[in-house]
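First the structure, in the form of structure tokens, and then the observations on it.
In the numbering used here, the protein residues as written are 15 to 126.
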């Protein structure tokens, strides 16, 4: 599924997540009982962000049992890609407060 989700590039009809084929794939993953892990989680956060569905990206982020640097960077980047700088910066500082040190990707994302 991850390779399919990477293909989502912000199609206009993805704005209505429930009609997006990638969203339907995510629903299938949930129904089959697949447990979320970081790799799948990052793929989903990336997919929802590219589709402009930050609510979906945040739900995936909040549902993950473990958050790492890559997961945080994916959500921060998604917020910034979609013009939500305030939320992106807020998340970056939450990340820092949680003891997740920023890396070059984090800084590059914040500066762009």
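Think of the CB as a built atom: it goes at the ideal place given N, C-alpha and C, for glycine as much as any other residue.
Quick caveat: nothing in here was measured; it's all calculated off a predicted structure.
With a cutoff of 8 Å on beta-carbon distance, residue 68 and residue 93 are scored as near each other. Between the alpha carbons of residue 54 and residue 115 lies a gap of roughly 22 Å. When secondary structure is reduced to three states using DSSP, residue 59 falls in the helix class. Going by DSSP, residue 87 is part of the alpha helix (DSSP H) stretching over 83 to 95. Of the other Cβ atoms in all chains shown, fewer than 16 fall within 10 Å of the Cβ of residue 125; this residue is therefore exposed. Per DSSP, reduced to three states, the secondary structure at residue 101 is helical. Annotated three-state conformation of residue 108 is helix, per DSSP.
The three-state secondary structure of residue 114, taken from DSSP, is coil.
Shown here, residue 69 sits in a helix according to DSSP, grouped into three states.
For residue 86, same chain residues with a beta-carbon under 6 Å away, outside a window of 5 residues either side, are 109 and 114 in chain order.
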